[in-house]
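In the working numbering, the protein residues as written are 2 to 469.
From the three backbone atoms N, C-alpha and C, an ideal C-beta is built for every residue, glycine too.
Computed from a prediction, not measured in an experiment: that's the story for all the values here.
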Ligand SMILES: [Zn+2]
């Protein structure tokens with residue numbers, strides 16, 4: 002079997018060379034692999050005889066590149082998500098947990114292939130222009146290979162991820178715009194042909210983990226579009242190498258509403274993505290104003306009969322919480338966006354409830370403490386503002402649990418407060434929603450009527466103490 006580079010747009014062929022990334026027509030190059038010999042069940046047997054990880058799929062990676070530079074990337078868990086599936090109304094939901102990679106992101110799959118190729122091509126310095134995950138991943142693999150790494154940090158970069166790169170001994174240069182890199186270094190972009198070929202192994206793993214029966218749909222977040230392109234490429238190769246048969250999955254590409262040029266082009270029916278002006282960098286790792294793989298991604302989504310979905314910031318943050326509390330996976334916003342999009346797709350009827358669906362969870366929430374902080378501020382307000390009457394209710398309930406009617410009378414006796422009886426129930430239901438009191442199931446009270454007793458919670462006790 003042999004490999005070469007081919008233009009994703011015009012089909013022009015180039016030799017395998019790490020320094021090539023764009024065709025003379027301006028479009029990205031992809032590695033293509035020729036099938037000459039083992040394929041189908043014979044190839045499956047060879048793959049399955051190797052240890053888990055990116056390098057298990059050697060026949061589908063660039064040839065002739067020597068000993069891998071590896072930190073044990075890939076081989077991540079495909080988690081059957083029964084509890085999250087129940088929440089979303091899906092019976093067969095799976096999560097590809099890429100947070101398990103060495104630096105906490107799916108990009109490690111690309112870094113291992115690119116840095117291995119760089120080491121064996123005598124590259125003297127690795128460079129990247131990044132706002133986050135790519136910097137951390139490349140820096141770690143550069144250290145392992147013993148090659149210096151230079152990171153151009155763009156405005157809006159996520160501090161925790163840049164600190165991670167700094168810890169891996171990268172040289173940081175604060176750049177104002179994208180073309181600030183030096184000529185002597187080898188620039189690693191997520192769409193570099195070898196990098197992208199490494200990314201594709203997450204999809205090969207998904208197929209293998211599902212016994213080579215492709216799922217019905219895959220949800221993937223998009224910045225430059227490299228992960229969706231890699232998925233599309235993996236599915237295409239798995240079919241040509243006769244690893245899978247039947248209908249390929251529908252691909253759903255996901256972007257955040259502040260910067261969603263690919264989704265906008267999809268909705269307008271365009272073949273090319275127009276560069277987006279004034280992009281909001283709320284989630285830098287999926288915010289790319291000018292995605293170079295845009296036209297490839299649009300083709301991939303359309304030919305798979307999938308769709309492009311835009312999600313709002315608050316939907317992303319809520320999805321982080323939902324994923325963590327149902328499946329025990331803490332994702333960063335750029336990763337949880339795929340769950341937010343799945344929710345929309347189910348509600349819009351794009352996904353059938355019995356279909357087999359995979360969401361790629363591309364990066365760990367530990368990399369983005371700021372979003373986690375934001376999330377907790379949404380759910381657990383630090384200062385609960387409550388009115389005088391509610392405070393008096395809490396005070397009375399701190400002395401003893403009471404029925405609504407009993408409480409209404411007690412407010413009159415203790416504080417001289419007089420209002421119509423239904424008002425007390427309005428106050429009580431608001432206090433329940435605030436988590437400050439709870440009501441126990443009804444029991445028989447005086448006069449043989451069924452009544453509900455109200456009790457103060459720990460939060461209620463705390464709020465009361467703080468207000469005194
Ligand atoms: Zn071309």
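Item to check | Among 177, 344 and 151, nearest to residue 168 - alpha-carbon criterion | outcome: 151
Item to check | Through-space distance from residue 127 to residue 161, alpha-carbon basis | outcome: 21 Å
Checklist entry - How is residue 29 classed by DSSP in three states: helix, strand or coil? => result strand
Next on the checklist: Just verifying my parser: in three-state terms, what is the DSSP assignment at residue 152?
Outcome noted: strand
Next on the checklist: Could you check whether the segment 227-238 touches the segment 320-327, counting it as contact only if at least three pairs of C-beta atoms, one from each stretch, sit closer than 8 Å?
Outcome noted: no
Checklist entry - Would a C-beta distance cut-off of 8 Å place residue 84 and residue 327 closer than the cut-off? => result yes
Checklist entry - With respect to 7 Å, is the separation between the Cβ of residue 28 and the closest non-hydrogen atom of ligand 1 below this value? => result yes
Checklist entry - What is the residue span of the beta strand (DSSP E) that residue 256 lies within? => result 251-257
Checklist entry - In chain order, what residues of the same chain lie with their CB nearer than 8 Å to the CB of residue 172, ignoring the 5 residues before and after it? => result 149, 150, 151 and 152
Checklist entry - Would you call the segment 389-396 and the segment 359-368 touching, i.e. three or more CB-CB distances under 8 Å? => result no
Next on the checklist: With three or more C-beta pairs closer than 8 Å as the rule, is the segment 118-135 touching the segment 187-207?
Outcome noted: yes
Checklist entry - So, helix, strand or coil for residue 354, using DSSP? => result coil
Item to check | Closest residue to residue 6 among 20, 30 and 303 (Cα-Cα distance) | outcome: 30
Checklist entry - Going along the chain, which residues of its own chain have a beta-carbon closer than 6 Å to the beta-carbon of residue 282, five neighbours each way excluded? => result 157 and 288
Item to check | Validate contact between the segment 217-227 and the segment 350-362 using beta carbons, cut 8 Å, 3 pairs | outcome: yes
Next on the checklist: Applying the 10 Å Cβ sphere with the 16-neighbour rule, what's the burial state of residue 371?
Outcome noted: exposed
Checklist entry - Can you give the Cα-Cα distance for residue 258 and residue 175, rounded to whole angstroms? => result 27 Å
Item to check | Same chain only: Cβ atoms within 8 Å of residue 411, ignoring 5 sequence neighbours per side | outcome: 397 and 403
Item to check | Backbone CA spacing between residue 18 and residue 353 [nearest angstrom] | outcome: 44 Å
Next on the checklist: Rounded to the nearest angstrom, what separates residue 375 and residue 134 at their Cα positions?
Outcome noted: 20 Å
Next on the checklist: Between which residues of its own chain and residue 426 is the CB-CB distance below 6 Å, once the five residues before and five after are set aside?
Outcome noted: 405
Next on the checklist: As a quick exercise: from 203, 266, 279 and 101, pick the residue whose alpha carbon is nearest that of residue 239.
Outcome noted: 203
Checklist entry - On the premise that residue 464 lies in contact with residue 429, defined as a C-beta separation below 8 Å, what is that separation, rounded to the nearest angstrom? => result Not really, about 15 Å apart at Cβ, beyond 8 Å.
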